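The next block holds one structure in the form of structure tokens; read it before the comments.
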Amino acid sequence: MESTKCSKMIITGTMYPGGQKSGSDSMRELGHLCEEFSGSELDKMVEDLRGLDVLIEHDESELVGKVQSAIKTDDDSIDVVAVVTASTDAGRRAIQDLKDKKLIGLSLSHDYHLHAPPGSDIARRIHLAA
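Mind the numbering: the sequence shown is residues 2 to 131 in the working numbering, read in order.
Below, the structure written as structure tokens:
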């Protein structure tokens, strides 16, 4: 995590761990639990993540930033870069909680729908929890 002028903080993390590869000795922790999306669905998810709101614990009243970028890695995990801004009380609290290591994970909301109509509210409801 990197802080710039205390007005924003860049956070990075794995949004979706890579799945278990058969015959692999170096499986990522919990990867065997994350195989519910195909490669093309993961590609679509990467597109959908860019620009989405960063929320604290899926709470829409706790909007603290935006996802800047997302990539699918070689092992089919999805890594994100997001910016948390100090422009609101929630953002300032989030930055302090991140610095204090009170917020340590990212979570993809269960509201994610791959087959939602393009541009619909449902299609944009991927929530992050720091």
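Ideal Cβ positions, reconstructed from N, Cα and C, are used throughout, including at glycine.
Since we're looking at a predicted model, the values are computed, not measured.
Worksheet item: Any chance the segment 86-101 sits against the segment 39-50, with 3 or more Cβ pairs inside 8 Å?
Response: no
Worksheet item: Mapping DSSP to helix, strand and coil, what is Ser78?
Response: coil
Discussion item. Tell me the DSSP secondary structure of Gly66 in three-state form.
Written reply: strand
Worksheet entry | Cβ pair Lys67, Val47 closer than 7 Å | no
Worksheet item: With a Cβ-Cβ cutoff of 7 Å, do Glu63 and Ala91 count as a contact?
Response: Pairing Glu63 with Ala91 gives a Cβ-Cβ distance under 7 Å.
Discussion item. In the DSSP assignment, the beta strand (DSSP E) including Asp1 goes from what residue to what residue?
Written reply: No answer is possible for residue 1: the residues shown for the chain start at 2 and end at 131.
Worksheet item: Where do the N-terminal and C-terminal ends of the beta strand (DSSP E) with Leu56 fall, by residue?
Response: Counting along the chain, the unbroken beta strand (DSSP E) around Leu56 starts and ends at 54-57.
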